[in-house]
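Remarks on the structure that follows.
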DNA sequence: GTTCATTTTCCGTATTTCGGAATTATCATT
DNA sequence: AATGATAATTCCGAAATACGGAAAATGAAC
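Chains as they are written, first to last, in this note's numbering: chain A, 2 to 256; chain B, 2 to 256.
Right, dumping it as structure tokens:
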């Protein structure tokens, strides 16, 4: 497990993630364990959060996220909520194409992408795609639609990570090929993935924020045998349109 | 202007509120001014936030709320979003009663309530109620629906505040009368306010969280001359039902 | 009431934080 | 390009704070 940072400021930022992430009610000991902080130090930090109202005390000796923390979150989300804004776009895609549409969000510090919203295909044959599931950045259409638009230094950091794929155990594409693939994604504006071996295929396009920083991607996934039935070029355009509309919404919110 | 706290942890918590509150893009100097922190100290704190991804840098020397901060906010809101949950309830009230319905949220550290959601009456004669507007806790149905359910120490703190009302400049109710009024609110489960002088009337009921801590209130406001046209008792029941349904949703989310 | 687990306080040490001043970077203007 | 104005960043010594192990206190369970 990763060691916590030093210094009160860094630790508080670090801690907030565990609180937002964790259960609605928690004990000091439990949080100490999850965050890997000594109990007495954690106690001091919680006092600061209590003073700020970001954490409150419940019955007995339990803590809980405070009303101020919710207020803070609401204020942030009020200006722009990626997930909520994406929802109608995903629904539209499913309506038009009858395949599962997903929204992935990218976390720059974790260097990971996760599925944050899904609209399932009506088809009975479908993969179960779970909200919250992690997306490997170097494999699949979803991952690469994000990876391609990361700054070079972050791409480097990512490919220094695991070298076997999550679903197949297949090795990562050799460096030059992967870079060629990413270049193609950038010029096309979308990524395609087609793997008859694992019977999965997909197309995805990046969602970018105000400063062109990547927020995530919108993608459509399907069993590979259905891939050929679609006019893939048209589907790609539809996905790109959805993704860039979402990018537009983000840009407006942040201007 | 209030002085910032001392100590890195307290300052970071303090700072987050300014960031969530403030514009989507900001400069160090501007934030320094708003938060009343020395530039060099603020710079150090921003470095910590940058390391955590809670703040990012945009073009030039501008800062902006980071993707991690949005992720954090989304995670918190995902479990329960007071505003979003309240929306259909407010719409229902307006549909049934044709009067403006509002949701107020209470911030325990600011000891203030604000309007966070409004559904307007279709009536042409209506007060303009603004999202974000502050609600005085000792006056009006909305404020008292909250005040009545605060812990005694917080009530004390509130009534030590301003002693003249925001709309009328009328003095606060004398202490014994106010306490009697609050007791009535608690037994009734809702507050009523009827002031022909300022031609405004309203009924409001508290929204409580898992530990019975007050989150805010739902209320309906109207011109006082329309108040008499309604079956006020039935309206009060409808509002109480809405508020307790919302309380229920909050409790479920936090259990 | 007693026990056990957990939280909270204590406290000496060592690390960070603090903020004014100096420096450097950035931007607008010529 | 060069200049000046403005703002961001780094520096640094003094002082305050954070740190965490250990002890004390709390409160839950029996």
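Virtual Cβ for every residue (Gly too), placed ideally from N, Cα, C.
On a predicted model such as this, the values are computed, not experimentally measured, just so you know.
Close partners of residue 66 of chain B in chain A (Cβ separation under 7 angstroms): 77. Taking 8 angstroms as the upper bound on Cβ-Cβ separation, chain B lies near residues 8, 9, 10, 11, 12, 13, 14, 15, 17, 18, 21, 22, 25, 26 of the region 8–42 of chain A. Taking the Cβ atoms as the reference, residue 137 of chain B lies roughly 5 angstroms from residue 167 of chain B, within the contact range of under 8 angstroms. CA-CA distance, residue 143 of chain B to residue 134 of chain B, rounds to 12 angstroms. Judged by beta-carbon spacing, residue 255 of chain B lies beyond the 8 angstroms limit of residue 58 of chain A, meaning their Cβ atoms are not closer than that value. Contact between the region 215–225 of chain B and the region 76–91 of chain B is present: three or more C-beta pairs spanning the two stretches fall below 8 angstroms. Counting C-beta pairs closer than 8 angstroms gives three or more between the region 238–251 of chain A and the region 201–215 of chain A, which meets the contact rule.
Its chain contains 105, 106, 108, 133, 134, 135, 136 as the residues whose beta carbon lies nearer than 8 angstroms to that of residue 115 of chain A, once the 5 sequence neighbours on both sides are disregarded; these appear in chain order.
When the five nearest sequence neighbours on each side are left out, the beta carbons in the same chain lying within less than 6 angstroms of the beta carbon of residue 149 of chain B are those of 183, 186, 187, in order along the chain.
Of all alpha-carbon atoms in A/174, A/152, A/232, A/146, the one lying nearest the alpha-carbon of residue 245 of chain A is that of A/146.
Residues of chain B whose Cβ lies closer than 9 angstroms to the Cβ of residue 249 of chain A do not exist, since the nearest Cβ in that chain is about 15 angstroms away.
Straight-line spacing of the CA atoms in residue 200 of chain B and residue 215 of chain B works out to 28 angstroms. Counting every other CB atom within 10 Å of its CB across the protein chains shown gives residue 20 of chain A a total of 16 or more, marking it as buried. Scanning chain A for C-beta atoms nearer than 9 angstroms to the C-beta of residue 191 of chain B yields nothing, as the closest lies near 21 angstroms away. Per DSSP, the beta-bridge partners of residue 108 of chain B are B/113. Contact between residue 155 of chain B and residue 112 of chain B holds, since their C-beta atoms are separated by about 7 angstroms, short of 8 angstroms.
Around the beta-carbon of residue 223 of chain B, 16 or more other beta-carbon atoms lie within 10 Å, marking it buried.
Taken in chain order, the complete alpha helix (DSSP H) segments of 4 residues or longer contained in the region 174–229 of chain A are 176–189, 225–228.
Among the residues facing chain B, residue 169 of chain A is not included, as its CB has no counterpart in that chain under 8 angstroms away. Contact note: residue 254 of chain B reaches chain A through 25, using a C-beta cutoff of 8 angstroms and chain order.
Beta-bridge partners of residue 27 of chain B (DSSP): B/64. For the C-beta of residue 44 of chain B, not a single chain A residue is nearer than 9 angstroms; the gap to the nearest is close to 12 angstroms. Contact of residue 59 of chain B with chain A is assigned, a C-beta pair being separated by under 8 angstroms. Chain B has no Cβ within less than 8 angstroms of the Cβ of residue 153 of chain A.
Across the region 82–108 of chain A, CB contacts with chain B closer than 9 angstroms involve 82, 83, 84, 85, 106, 107, 108, in sequence order along the chain. What residue 182 of chain B touches in chain A, judged by beta-carbon distance under 7 angstroms, is nothing: the nearest beta carbon there is about 24 angstroms away. Less than 8 angstroms separates the beta-carbon of residue 75 of chain A from that of residue 78 of chain B.
About 38 angstroms separates the beta carbons of residue 91 of chain B and residue 46 of chain B, which is beyond the 8 angstroms limit, so they are not a contact pair.
At a cut-off of 8 angstroms, the C-beta of residue 200 of chain A has no neighbouring C-beta in chain B.
Close CB contacts of residue 26 of chain A within its chain, under the 8 angstroms cut and outside five residues either way in sequence, are with 59, 63, 64, 65 (chain order).
The beta carbon of residue 74 of chain B sits closer than 8 angstroms to some beta carbon of chain A.
Linking residue 232 of chain A to residue 98 of chain A through their CA atoms gives a straight-line distance of about 10 angstroms.
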